[in-house]
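Quick notes on the structure that follows.
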Amino acid sequence: MPRSFYDKRGNDLSVGQAQRVALARTLANEPEVLLLDEPTSALDPLSTQNVEDVIMKLKKKQGLTVVMVYYSIKQIQRIADVVCLLVDGDVVEVLEPDRLSEAKHPMALRFLTLSS
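With the UniProt record's numbering, letter number 94 in the sequence shown gets 94, and the count goes up by one each step, no holes.
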């Protein structure tokens, strides 16, 4: 990250920069469980890949449990170990990422159809 980034005030950051700072601040606390709500939604593809790489390293090297909200099927398939599909706050499907096509719940099927 460029040195000029460190001297910026919070309100001078882009949405993507603020998102990365929030993730870094959270990781500095060394959590046992990391809760993320679309952590790459405002990022460009390269930054998205960087964040995904960090998440994968944390999962593998530190055994960190990561719970994420995502709407991108491709991203889910790259990152997730287990996928829980929720409808109105209730878990209606629990699948491995490579078995998403086996979902049975009507809303899960609709989501998967619209996402592909």
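Every residue, glycine too, gets a C-beta built ideally from N, C-alpha and C.
Owing to the predicted nature of the structure, the values given are computational and were not obtained by experimental measurement.
Burial state of residue i (16 or more Cβ within 10 Å)
i, result
"Thr-40", "buried"
"Arg-110", "exposed"
"Arg-99", "exposed"
"Val-83", "buried"
"Tyr-70", "buried"
"Gln-19", "buried"
"Ala-103", "buried"
"Leu-35", "exposed"
"Leu-43", "buried"
Proximal residues to residue i (C-beta, below 8 Å), its chain only, five neighbours per side dropped
i, result
"Ala-108", "Leu-85, Val-87, Val-92 and Glu-93"
"Glu-52", "Thr-40, Gln-75, Arg-78 and Ile-79"
"Leu-112", "Ile-73, Leu-100, Ser-101 and Ala-103"
Expected contact under 8 Å - CB spacing of residue i and residue j to nearest Å
i, j, result
"Val-67", "Val-15", "22 Å between Cβ atoms; not a contact."
"residue 134", "Ile-73", "Within the shown structure, residues of the chain are numbered from 1 to 116, placing residue 134 beyond reach of any answer."
Same chain, Cβ closer than 7 Å to residue i, neighbours up to 5 away in sequence not counted
i, result
"Val-21", "Leu-13"
"Lys-59", "Val-66"
"Pro-97", "Ile-76, Gln-77, Ala-80 and Val-83"
Neighbourhood of residue i by C-beta, 6 Å cutoff - its chain only, sequence neighbours within 5 removed
i, result
"His-105", "Val-92 and Glu-93"
"Asp-37", "Val-69"
What are the complete beta strand (DSSP E) segments, minimum 3 residues, inside the UniProt domain "ABC transporter" (7 to 41)?
Complete beta strand (DSSP E) runs here, min 3: 33 to 37.
Complete beta strand (DSSP E) runs within the segment 61 to 114 (minimum length 3 residues, chain order):
As far as the segment 61 to 114 is concerned, its whole beta strand (DSSP E) runs of at least 3 residues are 65 to 69, 83 to 87 and 90 to 95.
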